[in-house]
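Engineer: Okay, handing you the structure first.
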Amino acid sequence: MGHNQSKHPEFHRDNLKKEGYVIMVSKSKEKRRWLVLSDKKLSYSLSLGTPPKNSTTINNKFRVTYDNSSENSIECQVVNKKGKTQQWIIKCETVQEYRAWSLIIKHAQRPNWDDPRGSSSCKICNGKFTAVTRQHHCRKCGLAVCKKDSKEREIIPELGYNTKVRVCKNCIGKRSNETPDLNS
Numbered sequence: 001m002g003h004n005q006s007k008h009p010e011f012h013r014d015n016l017k018k019e020g021y022v023i024m025v026s027k028s029k030e031k032r033r034w035l036v037l038s039d040k041k042l043s044y045s046l047s048l049g050t051p052p053k054n055s056t057t058i059n060n061k062f063r064v065t066y067d068n069s070s071e072n073s074i075e076c077q078v079v080n081k082k083g084k085t086q087q088w089i090i091k092c093e094t095v096q097e098y099r100a101w102s103l104i105i106k107h108a109q110r111p112n113w114d115d116p117r118g119s120s121s122c123k124i125c126n127g128k129f130t131a132v133t134r135q136h137h138c139r140k141c142g143l144a145v146c147k148k149d150s151k152e153r154e155i156i157p158e159l160g161y162n163t164k165v166r167v168c169k170n171c172i173g174k175r176s177n178e179t180p181d182l183n184s
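Set out below in structure tokens:
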């Protein structure tokens, strides 16, 4: 049982796109860079139209380590193409730009939903989905789960959820980067 289209914005990944100039801080030097987020890939280049100088995939190895609105600053721990861990510090010139980048990076960290168009059973208890037993999705790990296995609700600010949302019993109380990565 399932739906052909999801009513939830978490399912729609194609509108996760943003680009613009930011200040990248590296070795205490601030440099203006063109930052691009497209789906789950974050990259920067020297300027608009030039090839990316560095890029990373937003997955379970990507973490926002510091997000400060008073400084318009976002710090991310990333793994580059060569497999090395780096710290990216992104500073925005305005509060509005900071808020937009912070929110879209949080949304990009959300897991892709497990079989969003019709999983036949709960991934925790293996109970079949029917007209009475509906399919739900954990907002932390993306698993298709039944109501019994997703009774809990949590606020997950690191993923951009500022109100309580459905979380499966496997993820309740865990930080988002401790959940299994279904996207790789």
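Number 114 in UniProt numbering belongs to position 114 of the sequence shown; there are no gaps in the numbering.
Beta carbons: idealized from backbone N, C-alpha and C, even for Gly.
(1) Can you give me the Cβ contacts of Pro51 inside the same chain, cut-off strictly under 7 Å, excluding the 5 residues immediately before and after it?
(2) Residues in the same chain with beta-carbon distance under 6 Å from Tyr66, minus the five sequence neighbours each way, listed in chain order, please.
(3) Considering only the alpha carbon of each residue, which of Ile156, Ile90, Ile155 and Cys138 lies closest to Val36?
(4) Just how far apart, CA to CA, sit Cys138 and Asn112?
(5) How do the segment 165–175 and the segment 141–156 stand: do at least 3 beta-carbon pairs fall below 8 Å, yes or no?
(6) Measure the C-alpha to C-alpha separation of Glu54 and Cys125 and round it to an integer number of angstroms.
(7) Answer yes or no: do Thr56 and Val25 have a C-beta to C-beta separation smaller than 8 Å?
(8) Helix, strand or coil for Lys17, going by three-state DSSP, please let me know.
(9) If we ignore side chains and look at the alpha-carbon of each, how far apart do Asp149 and Ser120 end up?
(10) Pull the bridge partners of Ala144 from the DSSP assignment, please.
(11) List in chain order: all unbroken alpha helix (DSSP H) runs of 4+ residues lying wholly within the UniProt domain "PH" (15–110).
(12) For the beta strand (DSSP E) containing Thr163, name the first residue and the last one.
(13) Which residue's Cα is closest to the Cα of Arg32: Asn72, Tyr21, Lys41 and Ile155?
(14) Please report the distance separating the alpha-carbon of Lys147 from that of Lys84.
Structural biologist: This is what the structure gives:
(1) Excluding residues within five positions, the ones whose Cβ falls inside 7 Å are Ser45.
(2) Glu75
(3) Ile90
(4) Answer to the nearest angstrom: the Cα atoms are 10 Å apart.
(5) Flag = yes, the segment 165–175 and the segment 141–156 touch.
(6) First, the amino acid is wrong: residue 54 is Asn here, not Glu. Each residue's Cα considered, the two are about 42 Å apart.
(7) no
(8) Of the three classes helix, strand and coil, the one that applies to Lys17 here is strand, per DSSP.
(9) Cα to Cα, the separation comes out at about 15 Å.
(10) His137
(11) 95–109
(12) Where Thr163 is concerned, the enclosing beta strand (DSSP E) stretches over Tyr161 to Val167.
(13) Tyr21
(14) 40 Å
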